[in-house]
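Just so you know, the sequence shown maps onto residues 1 to 300 in UniProt numbering. No residue lacks a Cβ here, since even glycine has one placed at the ideal position from N, Cα and C. Okay, so here's the structure we're looking at.
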Amino acid sequence: MEAKIALKMQFSACIDTDKFARRPSVSLPFSQKLREQHGHPISCHFQPRRTSNWQKHVALEASGSYRNFPAPILESGSFPPSLDEALILKNKSQEILPYIDGRCVYLVGMMGSGKTTIGKILSEVLGYSFCDSDTLVELAVKGTSVAEIFNLYGEGFFRNKESETLQKLSLTHHMVVSTGGGAVIRPINWKYMAKGISVWLDVPLEALARRISAVGTNSRPLLHHDSGDAYNRTLTRLSNLWKERGDAYANANARVSLEEIAAKLGHRDVTNLTPTVIAIEALLQIEAFLKGENGMDIAT
Numbered sequence: 001m002e003a004k005i006a007l008k009m010q011f012s013a014c015i016d017t018d019k020f021a022r023r024p025s026v027s028l029p030f031s032q033k034l035r036e037q038h039g040h041p042i043s044c045h046f047q048p049r050r051t052s053n054w055q056k057h058v059a060l061e062a063s064g065s066y067r068n069f070p071a072p073i074l075e076s077g078s079f080p081p082s083l084d085e086a087l088i089l090k091n092k093s094q095e096i097l098p099y100i101d102g103r104c105v106y107l108v109g110m111m112g113s114g115k116t117t118i119g120k121i122l123s124e125v126l127g128y129s130f131c132d133s134d135t136l137v138e139l140a141v142k143g144t145s146v147a148e149i150f151n152l153y154g155e156g157f158f159r160n161k162e163s164e165t166l167q168k169l170s171l172t173h174h175m176v177v178s179t180g181g182g183a184v185i186r187p188i189n190w191k192y193m194a195k196g197i198s199v200w201l202d203v204p205l206e207a208l209a210r211r212i213s214a215v216g217t218n219s220r221p222l223l224h225h226d227s228g229d230a231y232n233r234t235l236t237r238l239s240n241l242w243k244e245r246g247d248a249y250a251n252a253n254a255r256v257s258l259e260e261i262a263a264k265l266g267h268r269d270v271t272n273l274t275p276t277v278i279a280i281e282a283l284l285q286i287e288a289f290l291k292g293e294n295g296m297d298i299a300t
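In structure tokens:
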């Protein structure tokens, strides 16, 4: 509640928070047959919410054990995580939550790295609110999409609005923020994010190129006008952007390397990683940062 009130004050010029509806949560138990089949009590808790673009967001809180649940790939709209993973995620979040002390968590990384997907998972388990800085910029420019902002006003105008948005967010608490891929290039943005905890989602460029080229580049103004084969042109452009931004991403307090996670789990491809596994690793890296910060001793 504290975070939502803070956002209303800071973004009152562009967000009408009175229009956001809140509805009661609904608990939905699994069937008796399913419970008997797996020998564990399993239930799901759904918490409907409306985001700023009026898309319904559903939170899942699960208890029990269901080892044969199919593992999804890293993309929005995939199947729910295995319940074992969900329990690990929940337990780890509760361990480190007191040490985060209400600070915002800023996710940084290249476009298509999963910041929104992972951000929503983290916000749920931490009891935080979630926002996308690009969406807030769009709202500040009267609902104009990022691609249209680039076309109408140029990248410089967008970057100025992005910095204004991060400055306002730095005054809030209990937020998980998905930042734009290029937010890291301005030192002032790091000054704003330094009031919270920054986490870099480090995804191989080849995996990013496959994901982005598969869904299209219409919504990505820095990629949309390139010519040639979709995958190759996307990979080339991402490689050029990486040369500009790679060193800046390393300023983050914590780094989540999908290649390292895949290696530890014996996967040959990072797309085999579930969003929940990546979120767990994000919490572990945040925990490592907190332990190093002032010699904090976190019980394990």
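Do residue 280 and residue 114 have their beta-carbon atoms positioned less than 8 Å apart in this structure? As a working mapping, residue 114 is identified with position 114 in the sequence shown. As a working mapping, residue 280 is identified with position 280 in the sequence shown. For residue 114 and residue 280, no; Cβs fall outside 8 Å.
Does any C-beta atom of chain D lie closer than 8 Å to the C-beta of residue 149? Structure shown: chain D not included; a single protein chain is present.
Determine, using beta-carbon pairs with one atom in the stretch 174-191 and one in the stretch 93-106, whether at least three such pairs fall under 8 Å. Enough Cβ pairs lie closer than 8 Å, so yes.
Take every Cβ of the stretch 255-264, pair it with every Cβ of the stretch 192-202, and state whether three or more of those distances are shorter than 8 Å. By the C-beta criterion, the stretch 255-264 is judged to be in contact with the stretch 192-202, since at least 3 inter-stretch pairs fall below 8 Å.
Evaluate contact between the stretch 228-241 and the stretch 87-98, counting only Cβ atoms and requiring at least three cross-stretch pairs below 8 Å. A contact is defined here as three or more CB-CB pairs under 8 Å, and the stretch 228-241 fails this definition with respect to the stretch 87-98.
Please list the terminal residues of the continuous alpha helix (DSSP H) segment that includes residue 237. On the sequence shown, position 237 is the one that residue 237 refers to. In the DSSP assignment, residue 237 falls within the unbroken alpha helix (DSSP H) covering 230-249.
Taking buried to mean at least 16 other C-beta atoms within 10 Å of its own C-beta, is residue 156 buried or exposed? Reading the sequence shown from its first residue, position 156 is the one you call residue 156. With fewer than 16 other Cβ atoms from the protein chains shown falling within 10 Å of its own Cβ, residue 156 counts as exposed.
Chain-order list of residues whose beta-carbon lies under 7 Å from that of residue 130 (same chain, five-residue window excluded): Taking the sequence shown and counting its residues from 1, one reaches residue 130 at position 130. 119, 120, 123, 176, listed in sequence order.
Buried or exposed: residue 140, going by 16 or more other Cβ atoms within 10 Å of its Cβ? Indexing the sequence shown from 1 puts residue 140 at position 140. That one is buried.
Coarse secondary structure for residue 107, derived from DSSP in three states: Here residue 107 is taken as the residue at index 107 of the sequence shown, counted from 1. Here residue 107 sits in strand by DSSP.
What runs of the beta strand (DSSP E), each 3 residues or longer, lie entirely inside the stretch 176-216? Within the stretch 176-216, the complete beta strand (DSSP E) runs of at least 3 residues are 197-202.
Taking 8 Å as the cut-off, decide whether the C-beta atoms of residue 208 and residue 110 are in contact. Translated into positions along the sequence shown, residue 208 becomes position 208. Translated into positions along the sequence shown, residue 110 becomes position 110. A contact, by the Cβ cut-off of 8 Å.
Length of the line joining the Cα atoms of residue 183 and residue 189: Within the sequence shown, the letter at position 183 stands for residue 183. Within the sequence shown, the letter at position 189 stands for residue 189. Between the alpha carbons of residue 183 and residue 189 lies a gap of roughly 7 Å.
Just to confirm the assignment, what range does the alpha helix (DSSP H) spanning residue 123 have? Position 123 of the sequence shown, counted from the start, is the residue given in the question as residue 123. Per DSSP, residue 123 belongs to the alpha helix (DSSP H) from 115-126.
Option nearest residue 212 by Cα separation, candidates 284, 293, 271, 276: Mapped onto the sequence shown, residue 212 falls at position 212. Of 284, 293, 271, 276, the residue nearest in Cα terms is 271.
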